[in-house]
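Report on the structure given below.
Numbering (this note's numbering), first residue to last: 453 to 783.
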C-alpha cells in the first residue's frame, strides 16, 4: 500500500512516499481504508524531533474511512461501517491507504459529514472532552455560574472545546484570539467573550467582571503562566496540553490551584481499563454533529493525500496561524 512518512527527524521536506505492507490486524483491531485525514500539532512535533526506529515512521492520527476487515474479537463494528478516530501514538499512523486501529477508540462517522470533514474532529474532540469532564471533573449540565477561559481559542482544540462547553455545560466561555479573523471565528464557535492574548490578559478578564474557575491552557502556557495565576479564582482548575520547557507551579499554592495534564493518547498507550470511553464520547459527538448541536471545525481542505499536499499542510501547521482544522482526502 502507499504510505507517507519520514526516515530522519527534520523539516517538512523529510516527508516521502513509499510502499508499505498492509498493517497486521490484531484481535481487537479494525482495518480501515483511509478516506480522510487531518494534520495536528503532534504531527509536526514528532516529525521535527523524534527519530524513527527500524525504518520510516508514518505519521497521522486523525482519520475517517471504511472498515474492510475486523479482528477475531471485534464486536462493535462490521465490514462496510464508516468510522472516525484519533489513533494511537505508539502505532503506525494514518497517512496511508489502510490503517489498523483498536475498535475501542473508534467512533461511528457522522452521517452528515464527508470523510475528510469527519477526520478533522477526533483528536481535538477527545482532548476537549477529557479536559472538561475528566480534568475539570465537570458533569453534563454542570458549571452554571462558572467561567472557563480558553487560551488559544481559534485552534483545533479550542474550536471544539468552546462548542462542547456551551452545548453540554452551563459555563460562561472567554476565548483568547489576537487577529480579527480568529476573533470572529471563536465567536462563531460560541464564545461569550473574546480577549487578546497579546495584551494584558489579567486586566482584560478583570474588565469583564469575571473570575474564571477553569482555564484551558492550549498554547504558550509558560508565556501566559503569571497571568493565569493572577486571573484564576482560588481553588481553580488549570488544564494544559502543550509542552513548556519549565513550569514553576509554586505560585499556584496560595490559591490552592489544581493543575492537570491532558494527553488524549494515554488510554491507548497504557491500555487502561476505561479505554472504551473514547469510543463512547466519539459516538456521542457524532450524534451531536448529526443533530446540528455541534459544527465542523474544518477551515482548510488541502486536496488529496500526497507528499506535496502533506508537506504544505505541515508548513501551515508550523506557522501557528491555522484556524480550526485542515484536512485531506485519502490517496
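From the three backbone atoms N, C-alpha and C, an ideal C-beta is built for every residue, glycine too. As the structure is a prediction and not an experimental result, all values here were calculated from the model.
Which class does residue i belong to by DSSP, given the choice of helix, strand or coil?
i           : result
residue 607 : coil
residue 705 : coil
residue 631 : coil
residue 573 : coil
residue 454 : strand
residue 557 : helix
residue 585 : helix
residue 626 : strand
residue 511 : coil
residue 599 : strand
residue 619 : helix
residue 565 : coil
residue 590 : coil
residue 527 : coil
residue 749 : coil
residue 579 : helix
Please list, in chain order, all residues of the same chain as residue i whose beta carbon is under 7 Å from its beta carbon, the five residues on each side excluded.
i           : result
residue 686 : 707, 708
residue 579 : 609, 693, 714, 716
residue 570 : 488, 516, 536, 561, 562
residue 703 : 681
residue 630 : 648, 649, 650
residue 502 : 461
residue 753 : 568, 779
residue 661 : none
residue 633 : 775
Might you give, ordered along the chain, the residues of its own chain that have their beta carbon closer than 8 Å to the beta carbon of residue i, omitting 5 neighbours on each side?
i           : result
residue 469 : 454, 455, 456, 758, 759
residue 673 : 603, 680, 692, 694, 696, 699
residue 530 : 519, 522
residue 622 : 593, 594, 595, 596, 597, 598
residue 756 : 780, 781, 782, 783
residue 497 : 695
residue 731 : 528, 555, 556, 557, 558, 559
residue 526 : 479, 480, 481, 482, 555
residue 729 : 719
residue 550 : 453, 474, 475, 483, 484, 485, 486, 520
residue 471 : 453, 454, 455
Cutting at 6 Å between CB atoms, please list the residues of its own chain near residue i, excluding the five before and the five after it.
i           : result
residue 464 : 763, 766, 767
residue 620 : 592
residue 688 : 665, 709
residue 510 : 455, 457, 544, 545, 547, 548
residue 600 : 617, 623, 625, 666
residue 641 : 611, 614, 615
residue 769 : 491, 496
residue 659 : none
residue 628 : 603, 605, 647, 649
Give the DSSP bridge partners of residue i, in chain order.
i           : result
residue 521 : 483
residue 552 : 483
residue 541 : In the DSSP output, where bridge partners are listed per residue, residue 541 has none listed.
residue 536 : 516, 559
| query | What are the uninterrupted segments assigned as beta strand (DSSP E) that are 3 or more residues long and contained completely in the stretch 633-688, given in chain order? | reply | 645-647, 666-669
Touching by the beta-carbon criterion (3+ pairs, under 8 Å), the stretch 707-714 and the stretch 681-688: yes
Complete runs of the alpha helix (DSSP H) confined to the stretch 461-503 [at least 4 residues]: 493-501
- Message: With three or more C-beta pairs closer than 8 Å as the rule, is the stretch 472-492 touching the stretch 536-550?
- Response: yes
Just to confirm the assignment: which complete alpha helix (DSSP H) runs, minimum length 4, are found wholly within the stretch 751-783? 759-770
Where in the stretch 691-745 do unbroken runs of the alpha helix (DSSP H), each at least 4 residues long, occur, reported from the N-terminal end onward? 718-722, 729-742
At least 3 beta-carbon pairs within less than 8 Å: the stretch 579-589 vs the stretch 746-753:
no
Item to complete: Spell out a yes or no on whether the stretch 768-780 and the stretch 485-500 are touching, meaning 3 or more CB-CB pairs, one atom from each, closer than 8 Å.
Response: When Cβ pairs closer than 8 Å are counted between the two stretches, the stretch 768-780 is seen to touch the stretch 485-500, the count reaching three or more.
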